[in-house]
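In order, the protein sequences belong to chains P and D.
According to the working numbering, the first sequence is numbered sequentially starting from 55.
According to the working numbering, the second sequence is numbered sequentially starting from 55.
Heads up, the thing below is written out as structure tokens.
Number of protein chains: 2
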Amino acid sequence: MKTIEVDEELYRYIARQTQHIGESASEILRRLLGMTPLNGEETYLSAYPETEESPVAGFVQTVELSELLNSSELAAKESAIDRFMLILSSLYQANPDAFTNATEIKGRKRIYFARTEEELRATGNTTKPKPVPGTPYWVISNTNTGRKRNIVGLLMTAMGYSAEFIEQVCEKI
Amino acid sequence: MKTIEVDEELYRYIARQTQHIGESASEILRRLLGMTPLNGEETYLSAYPETEESPVAGFVQTVELSELLNSSELAAKESAIDRFMLILSSLYQANPDAFTNATEIKGRKRIYFARTEEELRATGNTTKPKPVPGTPYWVISNTNTGRKRNIVGLLMTAMGYSAEFIEQVCEKI
DNA sequence: GACGGGATCGCCGGGATAATTA
DNA sequence: TCTAATTATCCCGGCGATCCCG
């Protein structure tokens, strides 16, 4: 479980949407947002301590991430760039620390990730930086699909994922 | 501020919906839930009783969508914009919740639906917002017929209608 | 902001392909 | 020089909004 801060009015709004006694905030929000309800198994997921340092060493595919592969959310993305961005978001969220370290990967001239738009602009002519949602990072986007796969591959390798899993992810882009 | 507990997956989903850096959980949720954003001149907002889910609640919605297609009411409309509006009204009445979720669809710069005229104005130069009758929503109207079809298509897809039915509806616009 | 509808045309984003560099 | 890797130009399709027409 995670905690988030919401303003008073929003809090009351959510509370008012309760449909049965004992319904949790998650259940209400999932319903209102049109997400699929949480089933039994997923509770098990949260058994992973959030503090868990780094699943790095080619370990724990983090169930969450392998779920992403067949999620409708990923499938719903029309373009390579959208799938690319969603995967980056998910990778960050799976392990912010490992992601942060891995962020140092770069090409011959261009750097691929930075905390600001300007940093990316500074290392190439037309990098077309984009913010990665839910993340303090920006990525370059002026790349063909092959390079997007490449970037994800480099990133995930640096994060410690197994080659097999990396390939599965890259195929989806 | 209040804190609420949400499950991991939901947390990640929310984080991913960030539209600009520094956007808070409240802001994101308000946007996704179709609430008005919290800001200075917000006193005006609270004038609306929060319980007022939709102005139309209580209406008997007898208009079956498939009936609409061959109805004289639709045929009587002279212009694409009128047929467009009638279809939107009917979609809302067929399923307010699904409509509300689907309302998030947008173009490259413009959002297509909002609860206020101003929100639509804010995302484009000349959107020409119009209220959708029988609905708490406004829609942009500065579009050609192709785009009106497009908007209905996107909306209905998000609402879960079949591609075949969607096509039948769009043809009528 | 006050005429409204919407076709037409200009612009932008995605990303394949051409150009460049090691 | 030839090849492989990387960059970024540039084409295409889609979106926005100007502006023409009823």
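Just so you know, even glycine gets a beta-carbon here, dropped at the ideal spot from N, CA and C.
Quick check: is the beta carbon of residue i nearer than 7 angstroms to any beta carbon in chain D?
| i | result |
| --- | --- |
| residue 57 (chain P) | yes |
| residue 126 (chain P) | no |
| residue 94 (chain P) | Residue confidence is low: residue 94 (chain P) scores 46 on pLDDT, short of 50, so the model does not pin down where it sits. Its coordinate-derived value is still stated next. With 7 angstroms as the cut-off, residue 94 (chain P) does not count as an interface residue toward chain D. |
| residue 215 (chain P) | no |
| residue 134 (chain P) | no |
| residue 143 (chain P) | yes |
| residue 80 (chain P) | yes |
| residue 188 (chain P) | yes |
Taking just the CA atoms, how far does residue j sit from residue i?
| i | j | result |
| --- | --- | --- |
| residue 177 (chain D) | residue 73 (chain D) | 13 angstroms |
| residue 182 (chain P) | residue 175 (chain P) | 8 angstroms |
| residue 62 (chain P) | residue 154 (chain P) | 34 angstroms |
| residue 212 (chain D) | residue 67 (chain P) | 24 angstroms |
| residue 209 (chain D) | residue 167 (chain D) | 10 angstroms |
| residue 76 (chain P) | residue 87 (chain D) | 21 angstroms |
| residue 199 (chain P) | residue 70 (chain P) | 46 angstroms |
| residue 180 (chain P) | residue 186 (chain P) | 18 angstroms |
| residue 203 (chain D) | residue 91 (chain D) | 29 angstroms |
| residue 150 (chain P) | residue 214 (chain P) | 13 angstroms |
| residue 221 (chain P) | residue 123 (chain P) | 11 angstroms |
| residue 145 (chain D) | residue 218 (chain D) | 16 angstroms |
| residue 227 (chain P) | residue 125 (chain D) | 44 angstroms |
| residue 147 (chain P) | residue 225 (chain D) | 43 angstroms |
| residue 184 (chain D) | residue 84 (chain D) | 22 angstroms |
| residue 133 (chain D) | residue 118 (chain D) | 22 angstroms |
| residue 172 (chain D) | residue 137 (chain P) | 32 angstroms |
| residue 197 (chain D) | residue 152 (chain D) | 24 angstroms |
Between residue i and residue j, which are expected to be in contact by the criterion C-beta below 8 angstroms, what is the C-beta distance as a whole number of angstroms?
| i | j | result |
| --- | --- | --- |
| residue 57 (chain P) | residue 205 (chain D) | In fact, because the Cβ distance is near 37 angstroms, the residues do not count as touching under 8 angstroms. |
| residue 141 (chain D) | residue 195 (chain D) | With 8 angstroms as the limit, residue 141 (chain D) and residue 195 (chain D) do not qualify as a contact, their Cβ atoms being about 13 angstroms apart. |
| residue 64 (chain D) | residue 139 (chain P) | Going by Cβ atoms, the distance from residue 64 (chain D) to residue 139 (chain P) rounds to 19 angstroms, so no, they are not a contact pair. |
| residue 80 (chain D) | residue 60 (chain P) | 5 angstroms |
| residue 169 (chain P) | residue 190 (chain P) | 6 angstroms |
| residue 143 (chain D) | residue 188 (chain D) | 5 angstroms |
Quick one: is residue i near chain P, going by C-beta distance under 7 angstroms?
| i | result |
| --- | --- |
| residue 155 (chain D) | yes |
| residue 66 (chain D) | yes |
| residue 72 (chain D) | yes |
| residue 87 (chain D) | yes |
| residue 206 (chain D) | no |
| residue 61 (chain D) | yes |
| residue 148 (chain D) | no |
| residue 168 (chain D) | no |
| residue 176 (chain D) | no |
Cβ contact (3+ pairs, closer than 8 angstroms) linking the stretch 124 to 136 of chain P and the stretch 146 to 159 of chain P = no
Inside the stretch 108 to 187 of chain D only - alpha helix (DSSP H) runs reaching at least 4 residues | 119 to 124, 126 to 130, 134 to 148, 150 to 156 and 171 to 176
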